[in-house]
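Just below is one structure, and these are the notes that go with it.
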Amino acid sequence: MLPCLFRKITSLRAHHVSLICIKPFQNNFLKSNWINFGRTLLHFTRWSMSGQEDSSVIIETLRSSVKEQGDLVKKLKEEKADEVQIQQAVRELKHRKKLLEDKELSLDTRFTKFDRPKFEDFLKRRFFFAPAFEIYGGVAGLYDYGPSGCAIEANVVSLWRSHFVLEEQMLEIKSTQLTPHVVLKTSGHVDRFTDYMVKDVKTGECYRADHLLKAILEGILNNKNTSDEKKKECELVLAQLDDYDQPALTAKLKEYGAKFPGTNNDITEPAEFNLMFGTSIGPTGLLQGYLRPETAQGIFVNFKRLLDYNNGKLPFASAQIGGAFRNEISPRSGLLRVREFTLAEIEHFVDPSDKSHPKFENVENVQVTMLPGSYQMSGKPALNITLKEAFDTKVINSTTVGYFIGRVHLFLCKIGVDPTRLRFRQHLANEMAHYACDCWDAEIKNSYGWIECVGIADRACYDLSVHTKSSGIRLVAQVELPEPTTVKVVEPVLNKAPIGKSFKKDAKQVTERLTNLAESDIDELENSLKEKG
Numbered sequence: 014m015l016p017c018l019f020r021k022i023t024s025l026r027a028h029h030v031s032l033i034c035i036k037p038f039q040n041n042f043l044k045s046n047w048i049n050f051g052r053t054l055l056h057f058t059r060w061s062m063s064g065q066e067d068s069s070v071i072i073e074t075l076r077s078s079v080k081e082q083g084d085l086v087k088k089l090k091e092e093k094a095d096e097v098q099i100q101q102a103v104r105e106l107k108h109r110k111k112l113l114e115d116k117e118l119s120l121d122t123r124f125t126k127f128d129r130p131k132f133e134d135f136l137k138r139r140f141f142f143a144p145a146f147e148i149y150g151g152v153a154g155l156y157d158y159g160p161s162g163c164a165i166e167a168n169v170v171s172l173w174r175s176h177f178v179l180e181e182q183m184l185e186i187k188s189t190q191l192t193p194h195v196v197l198k199t200s201g202h203v204d205r206f207t208d209y210m211v212k213d214v215k216t217g218e219c220y221r222a223d224h225l226l227k228a229i230l231e232g233i234l235n236n237k238n239t240s241d242e243k244k245k246e247c248e249l250v251l252a253q254l255d256d257y258d259q260p261a262l263t264a265k266l267k268e269y270g271a272k273f274p275g276t277n278n279d280i281t282e283p284a285e286f287n288l289m290f291g292t293s294i295g296p297t298g299l300l301q302g303y304l305r306p307e308t309a310q311g312i313f314v315n316f317k318r319l320l321d322y323n324n325g326k327l328p329f330a331s332a333q334i335g336g337a338f339r340n341e342i343s344p345r346s347g348l349l350r351v352r353e354f355t356l357a358e359i360e361h362f363v364d365p366s367d368k369s370h371p372k373f374e375n376v377e378n379v380q381v382t383m384l385p386g387s388y389q390m391s392g393k394p395a396l397n398i399t400l401k402e403a404f405d406t407k408v409i410n411s412t413t414v415g416y417f418i419g420r421v422h423l424f425l426c427k428i429g430v431d432p433t434r435l436r437f438r439q440h441l442a443n444e445m446a447h448y449a450c451d452c453w454d455a456e457i458k459n460s461y462g463w464i465e466c467v468g469i470a471d472r473a474c475y476d477l478s479v480h481t482k483s484s485g486i487r488l489v490a491q492v493e494l495p496e497p498t499t500v501k502v503v504e505p506v507l508n509k510a511p512i513g514k515s516f517k518k519d520a521k522q523v524t525e526r527l528t529n530l531a532e533s534d535i536d537e538l539e540n541s542l543k544e545k546g
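Going by the working numbering, the letters in the sequence shown line up with residues 14 to 546, in that order.
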């Protein structure tokens, strides 16, 4: 039996004063002032912002538009419409949500009066942080903490360890930052942790290829002189943008005459760029490795030892805090997007048939601001609700998810986050990671907007499954059933003698591979042998 995994991530990268955030998701939204609400075309600059009543009308109009588009997306999915059509509808839904969020942010005077450049300059002058290697011009995405910055981080780490690790009696480990290729290949980072990049042919400056194409298309859409036919063409390209491979991106960038932003120079063809820092381990250079992009894999590969340490009992949690690295193509936004940062993660392993948490009652009366997926689809504002009410009304699907939402909320409030600027937003189905069946982000509202700082995901048993299959080591747990149960098991029975003669030095590897075949693969192999002999 593979235990389910609930994942909670806290990254101790600097986030203004709180020093808590993790790499935010890329939000790819249209920035046009024009938007088509059904058959009515509205232009925001024609609305008066002189009074509270006008602002309320604008917000309600935007909420209605989000609901209208959300209903359309649901209908298209129910009718199993064309995928391109669904993607276009989802993109429009994201656009309308972004417009609503931006309008709400613009009405919040706490941020309209905030001078971020002046504040960041103050932090640098007082050496809370500063660009690394500043006397040599610095390196984008790398920062040093000064005495005050170090003191803040140390306090936050100490409180994090006390609040989570000690309070919950978690099993803390410290794994290496250097990670072999096979581990990250198995986890999916080698194949999926990539972006396409273009370069300025004269300056060598880099830019994400899809972001460049998106900016060009948005510029065309924003142009009042663009024909309806051209707009439809651009919208179709935008809807398919996430699915473009290297040849498709190359063709589209050439078609739209892409130049490098700022310099207007020619660009290179898009090239795949992995966001991990690669290196070689050992003097031969034959063992490929990476600086880890997350700490979680160190916990997963040690699951068997952690389970033994816990006397084979579930549930249990393991924690780790340490350095992580992301080789961002063009890091911006100061400390919000960096190439090296401190990451704190907790992996909570639980019986998949029982996702209850024994200590949920300790947080059930904690009141939090939540933005469920259904509310986002209908344009409703976030709701203030106790975690017990959230579980009883099916806003959250398990008390384990609810427990960690409560604990994260209490921790963030402890370190000084204003609860009126804190919410927990549920991922929509189209933005869910491949490994997750449910995910909530703790987001903090600041001068950049709503920024993700913690992720709480029900990862099911994805990570342990893929590492079991790749390594041949069963990363599973056993539980004693109240009554005996008969289970049908299909497994290969190998005749090792002819295997040894045929494969010789590779016989062990072949045997291990056959032994670890999935049931479906065994059935397929058996049928093939019967047919072909």
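No residue lacks a Cβ here, since even glycine has one placed at the ideal position from N, Cα and C.
In this text the structure is predicted, and so the values were computed from the model without any measurement.
Would you mind giving the Cβ-Cβ distance between residue i and residue j, rounded to the nearest angstrom? I have them listed as a contact below 8 Å.
{"i": "Leu225", "j": "Val211", "result": "6 Å"}
{"i": "Arg10", "j": "Phe338", "result": "The structure shown does not extend to residue 10, since the chain is modelled only from 14 through 546, so no value can be given for it."}
{"i": "Leu356", "j": "Gly335", "result": "7 Å"}
{"i": "Val178", "j": "Ala284", "result": "Between Ala284 and Val178 the Cβ distance is about 42 Å, and since that is not below 8 Å, they are no contact."}
{"i": "Thr308", "j": "Ser188", "result": "7 Å"}
{"i": "Ala403", "j": "Met383", "result": "6 Å"}
{"i": "Val500", "j": "Glu532", "result": "About 12 Å separates the two Cβ atoms, so there is no contact after all."}
How big is the Cα-Cα spacing for residue i and residue j?
{"i": "Lys126", "j": "Pro344", "result": "26 Å"}
{"i": "Phe135", "j": "Phe141", "result": "9 Å"}
{"i": "Asp208", "j": "Leu288", "result": "7 Å"}
{"i": "Ala273", "j": "Gln259", "result": "Ala is not the amino acid found at residue 273; the sequence shown has Phe there. Taking the straight line joining both Cα atoms gives about 18 Å."}
{"i": "Leu251", "j": "Ile165", "result": "42 Å"}
{"i": "Ser68", "j": "Glu114", "result": "13 Å"}
{"i": "Leu435", "j": "Asn397", "result": "11 Å"}
{"i": "Gly83", "j": "Ile469", "result": "24 Å"}
{"i": "Thr239", "j": "Leu89", "result": "28 Å"}
{"i": "Ala510", "j": "Lys326", "result": "39 Å"}
{"i": "Gln190", "j": "Ser200", "result": "16 Å"}
{"i": "Leu317", "j": "Gln522", "result": "Reading the sequence as shown, one finds Lys at residue 317 and not Leu. Looking at the two C-alpha atoms, the distance is approximately 22 Å."}
{"i": "Tyr416", "j": "Gly217", "result": "49 Å"}
{"i": "Gln439", "j": "Val414", "result": "11 Å"}
{"i": "Ile457", "j": "Ser411", "result": "24 Å"}
{"i": "Arg526", "j": "Lys372", "result": "42 Å"}
{"i": "Pro130", "j": "Cys219", "result": "24 Å"}
{"i": "Val421", "j": "Asn277", "result": "46 Å"}
{"i": "Lys354", "j": "Asp157", "result": "Reading the sequence as shown, one finds Phe at residue 354 and not Lys. Using only the alpha carbons, I get a separation of about 10 Å."}
{"i": "Asp121", "j": "Glu465", "result": "19 Å"}
{"i": "Phe362", "j": "Val376", "result": "20 Å"}
{"i": "Lys237", "j": "Ala446", "result": "37 Å"}
By a C-beta neighbour count over all protein chains shown, 10 Å radius and 16 as the cutoff for buried, is residue i buried or exposed?
{"i": "Ser161", "result": "exposed"}
{"i": "Ser61", "result": "Note on Ser61: pLDDT 36, under 50, position unreliable in the model; no value is reported."}
{"i": "Pro306", "result": "buried"}
{"i": "Gly302", "result": "buried"}
{"i": "Ile35", "result": "Unreliable placement is indicated for Ile35, whose pLDDT of 32 sits below 50; no coordinate value is reported for it."}
{"i": "Pro296", "result": "exposed"}
{"i": "Leu299", "result": "exposed"}
{"i": "Ala222", "result": "buried"}
{"i": "Pro385", "result": "buried"}
{"i": "Ser78", "result": "buried"}
{"i": "Lys110", "result": "buried"}
{"i": "Asn459", "result": "buried"}
{"i": "Arg138", "result": "exposed"}
{"i": "Phe313", "result": "buried"}
{"i": "Phe424", "result": "buried"}
{"i": "Phe132", "result": "exposed"}
{"i": "Glu105", "result": "buried"}
{"i": "Thr263", "result": "buried"}
{"i": "Asn540", "result": "exposed"}
Would residue i pass as an interface residue toward chain D - the criterion being a Cβ-Cβ separation below 8 Å?
{"i": "Glu180", "result": "No chain D is part of this structure, which consists of one protein chain only."}
Could you pull out every residue in the same chain whose Cβ sits closer than 6 Å to the Cβ of residue i, ignoring the five residues on either side in sequence?
{"i": "Arg76", "result": "Gly392"}
{"i": "Val426", "result": "Inspection of the sequence shows that residue 426 is occupied by Cys rather than by Val. Only Pro432 meet the Cβ criterion."}
{"i": "Thr7", "result": "Outside the shown range of the chain, which is 14 to 546, sits residue 7, and nothing can be said about it."}
{"i": "Asn323", "result": "Phe329"}
{"i": "Asp476", "result": "Phe313"}
Pull up the DSSP beta-bridge partners for residue i, would you.
{"i": "Phe286", "result": "Asp208"}
{"i": "Met445", "result": "Per DSSP, none; premise fails for Met445."}
{"i": "Pro144", "result": "Tyr156"}
{"i": "Ile294", "result": "Leu300"}
{"i": "Met183", "result": "In the DSSP output, where bridge partners are listed per residue, Met183 has none listed."}
{"i": "Cys450", "result": "Partner(s): none; Cys450 has no beta bridge."}
Quick one: residues in its chain with C-beta nearer than 8 Å to the C-beta of residue i, no 5 flanking neighbours on either side, listed in chain order?
{"i": "Leu249", "result": "Val97 and Gln101"}
{"i": "Leu530", "result": "Pro505 and Leu538"}
{"i": "Ser369", "result": "Ser411, Thr412 and Thr413"}
{"i": "Asn315", "result": "Ile186, Ser188 and Ser331"}
Can you give me the Cβ contacts of residue i inside the same chain, cut-off strictly under 7 Å, excluding the 5 residues immediately before and after it?
{"i": "Gly151", "result": "Pro144 and Ala145"}
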